[in-house]
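Chemist: One structure, as structure tokens, below. Some questions next.
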Amino acid sequence: MFYVNFYAGLLVVYLDGIVVYSESLTNHLRHLRVVFQKLRGYELYAKKEKYEFCCEQITFLRHVISQGNIQMDSRKVKPVVDWGIPSKVTDLRSFFGLANYYRRFINGYSKIVNPSMDLLKKD
1 MFYVNFYAGL LVVYLDGIVV YSESLTNHLR HLRVVFQKLR GYELYAKKEK
51 YEFCCEQITF LRHVISQGNI QMDSRKVKPV VDWGIPSKVT DLRSFFGLAN
101 YYRRFINGYS KIVNPSMDLL KKD
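Mapping of the sequence shown onto the UniProt record's numbering: position 80 corresponds to residue 80, and the numbering continues sequentially without gaps.
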């Protein structure tokens, strides 16, 4: 099973992705040094062209993350926005399965979807 690991307010690891985050540039450089030393100790290496350093905003796991803010990645939301009007109950369930992932980003989500959810209830 794949999962996200969080290490003491320093970094997030998911599969082959590592995000190092810090409150200051000085701390960030120190954290990077620690991470690279650990990787080297386990003989793990990454391609230089895959790195981005000292970014104020990143896209990670379908989210755009910046200081104190997490937003939906608009490219990943496009399938939800472009979804056609469901004509069958199974289509509606499929749509909710996709849309529910983003519910925490949508104010009043439950009020918006409740009328449609009522259609899924059995008499």
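All residues carry an ideal CB built from backbone N, CA and C; glycine is no exception.
Counting beta carbon pairs with one atom in the region 25-44 and one in the region 78-86, are three or more of them shorter than 8 Å?
Modeler: Taking 8 Å as the limit for Cβ pairs, the verdict is that the region 25-44 does not touch the region 78-86.
Chemist: From the DSSP output, read off the bridge partner residues of I18.
Modeler: DSSP output for I18 lists V13 as bridge partner(s).
Chemist: On the criterion of 16 or more Cβ atoms from any shown chain inside 10 Å, does A46 qualify as buried, or is it exposed?
Modeler: With fewer than 16 other Cβ atoms within 10 Å, it is exposed.
Chemist: Quick check on DSSP: helix, strand or coil for Q37?
Modeler: If DSSP states are grouped into helix, strand and coil, Q37 belongs with the helices.
Chemist: When you compare only the Cα positions, how much space is there between G16 and K50?
Modeler: Reading off the sequence, residue 16 comes out as Asp, not Gly. Approximately 11 Å between the Cα atoms of the pair.
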